[in-house]
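Notes follow the structure.
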Amino acid sequence: MSEHDDGGGRSGGDREEKVEKSTTGIPLLDLRDWHAPESRTDFAERLRAAAHGIGFVQLTGHGVDARRSGELLNLARRFFALPKRERLAVENIHSPHFRGYTAAGRELTGGRMDWRELFDVGRERAPVARDADDPPWLGLTGPNHWPSALPEMRPVFLDLLDELYGVGYSVLCALAAGLGCRESLFEDWFGPESHARLKLLHYPPRPTAEHEQGAGAHKDYGFLSIVIQDGQGGLQVDDGSGGWVDAAPVPGVVIVNFGETLELATGGYVLAGRHRVVSPPPDAERTSIAFFLNPRLDAEITPVPLPPALATEARGQRADPDNPVFTTYGRNEFKGWMRAHPRVARRHYPDHV
Numbered sequence: 498m499s500e501h502d503d504g505g506g507r508s509g510g511d512r513e514e515k516v517e518k519s520t521t522g523i524p525l526l527d528l529r530d531w532h533a534p535e536s537r538t539d540f541a542e543r544l545r546a547a548a549h550g551i552g553f554v555q556l557t558g559h560g561v562d563a564r565r566s567g568e569l570l571n572l573a574r575r576f577f578a579l580p581k582r583e584r585l586a587v588e589n590i591h592s593p594h595f596r597g598y599t600a601a602g603r604e605l606t607g608g609r610m611d612w613r614e615l616f617d618v619g620r621e622r623a624p625v626a627r628d629a630d631d632p633p634w635l636g637l638t639g640p641n642h643w644p645s646a647l648p649e650m651r652p653v654f655l656d657l658l659d660e661l662y663g664v665g666y667s668v669l670c671a672l673a674a675g676l677g678c679r680e681s682l683f684e685d686w687f688g689p690e691s692h693a694r695l696k697l698l699h700y701p702p703r704p705t706a707e708h709e710q711g712a713g714a715h716k717d718y719g720f721l722s723i724v725i726q727d728g729q730g731g732l733q734v735d736d737g738s739g740g741w742v743d744a745a746p747v748p749g750v751v752i753v754n755f756g757e758t759l760e761l762a763t764g765g766y767v768l769a770g771r772h773r774v775v776s777p778p779p780d781a782e783r784t785s786i787a788f789f790l791n792p793r794l795d796a797e798i799t800p801v802p803l804p805p806a807l808a809t810e811a812r813g814q815r816a817d818p819d820n821p822v823f824t825t826y827g828r829n830e831f832k833g834w835m836r837a838h839p840r841v842a843r844r845h846y847p848d849h850v
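Here our numbering is used: the first residue of the sequence shown is 498, the next is one more, and so on.
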């Protein structure tokens, strides 16, 4: 993740009044409504309005209930409780694919230190043989690093990655319908080679005021993200008017936010939601799991055709010379990893630093 500028103003209109809001101000939707014939059209419309208005939704009915979420978060906690030497044995410095463990303070957002530790997972694939002229983002494909002390992590979190891929793709199909397009609108950019990722996150207690940035303000660079939270707050959403809205944890609810590549694909109609995480106070800690629905690395993203009524509300993508959004998805993801993990970048991609 990296810090990017806000995506511009939020247009209003009558459609926005249909969005249901929770007490946090972030729309609350039930994915089961999409799978029910009598409510799927209304679900798609409310999802479209939320994607256009704030770039975030709270989602229930996704299949990962509160009990299972607790079990998954507990397994993540067990990893972060391992002795430091065992965590460092699977540190991402050893992986050109940016997989494995990152210690607190070794990830950057906007050039500033994030006070969190994490464990990155992707699909298990063989590394791609690259020639000198091949794009460096091909190196993002490869195997994971798993701790030998917790062999159960591999099947549990690979299964979760596949399960959340299904949830995320259902949301994407519903959004396509809400945009007045065919449900398969985005399918050519996904398929078996799509580059989904999973991230286990632990935010330790804040030791000093200088460690307030758990994760700096940023937008995700893919299509959409899904976050499973524990009971400790800290995730905040840009409200579009210079303030921040707490995405307060609710049992059984996941947070979905839309990313820069989807914003590009819709000509700026969908808003890439800007967000941050504030570090817990000295007497608390936070654990979460984030899933990222990303297209194929070689996907060439071009604006999809929107109905005229929606096309007139597309804001375009705000130009930012410090954070260009490329049409080749792999360039966007590679850029993000290189900025966030400079130690890994210098070791494995010195010619691109």
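In this text, a Cβ means the ideal position worked out from N, Cα and C, and glycines have one as well. Because the structure is a prediction, the values reported are computed rather than measured.
Counting along the chain, where does the beta strand (DSSP E) carrying residue i start and finish?
| i | result |
| --- | --- |
| H549 | Here H549 belongs to no beta strand (DSSP E); instead the alpha helix (DSSP H) covers 537 to 550. |
| F576 | Here F576 belongs to no beta strand (DSSP E); instead the alpha helix (DSSP H) covers 563 to 577. |
| V801 | It is not in any beta strand (DSSP E) - V801 carries neither H nor E in the DSSP assignment. |
| F553 | 553 to 557 |
Determine which residues share a DSSP beta bridge with residue i and list them.
| i | result |
| --- | --- |
| M610 | L605 |
| W741 | D735 |
| I725 | I786 |
| D617 | G597, K696 |
| E830 | Note: E830 sits in no beta bridge, so no partner. |
| S691 | R793 |
| V751 | L556 |
Does DSSP put residue i in a helix, in a strand, or in coil?
| i | result |
| --- | --- |
| E810 | coil |
| N820 | coil |
| H699 | strand |
| T763 | coil |
| S776 | coil |
| P524 | strand |
| N589 | helix |
| T758 | helix |
| L647 | coil |
| L637 | helix |
| K518 | Any reading at K518 must be qualified, since the residue scores a pLDDT of 43, below 50, and its modelled position is unreliable; the value itself is stated next. Three-state DSSP puts K518 in a strand. |
Specify, as a first and last residue, the run of the alpha helix (DSSP H) that residue i falls within.
| i | result |
| --- | --- |
| A712 | Taken as a continuous stretch (DSSP letters only), A712 belongs to no alpha helix (DSSP H), being part of the beta strand (DSSP E) at 710 to 715. |
| L653 | For the record, residue 653 in the displayed sequence is Val; it is not Leu. Looking at the DSSP string, the run of the alpha helix (DSSP H) that includes V653 is 650 to 675. |
| V841 | 839 to 845 |
Could you check if residue i is buried or exposed, using at least 16 other CB atoms within 10 Å of its CB as the buried criterion?
| i | result |
| --- | --- |
| E709 | exposed |
| D656 | exposed |
| K515 | Its pLDDT being 39, under 50, K515 is placed unreliably in this model, and the value from its coordinates should be taken loosely. It counts as exposed. |
| D717 | buried |
| H532 | exposed |
| N754 | buried |
| E690 | exposed |
| E568 | exposed |
| E830 | buried |
| A714 | buried |
| R679 | exposed |
| D727 | buried |
| A563 | exposed |
| H849 | exposed |
| R843 | exposed |
| N820 | buried |
Q | Stretch pair the segment 570 to 585 + the segment 661 to 681: three plus CB contacts closer than 8 Å | A | no
Q: May I ask you to verify whether the segment 595 to 609 touches the segment 545 to 557, counting CB pairs closer than 8 Å and requiring at least 3?
A: no
Q.
Does the contact criterion of 3 or more C-beta pairs under 8 Å hold for the segment 754 to 768 versus the segment 690 to 705?
A. no
Q. For the 8 Å Cβ check, are there 3 or more pairs between the segment 731 to 739 and the segment 764 to 781?
A. yes
Q) Counting pairs of beta carbons, one from the segment 537 to 549 and one from the segment 787 to 802, are three or more of them closer than 8 Å? A) no
Q.
Does the structure place the segment 689 to 703 close enough to the segment 612 to 630 that three or more beta carbon pairs sit under 8 Å?
A. yes
Q. Are the segment 739 to 754 and the segment 808 to 818 touching, with three or more C-beta to C-beta distances below 8 Å?
A. no
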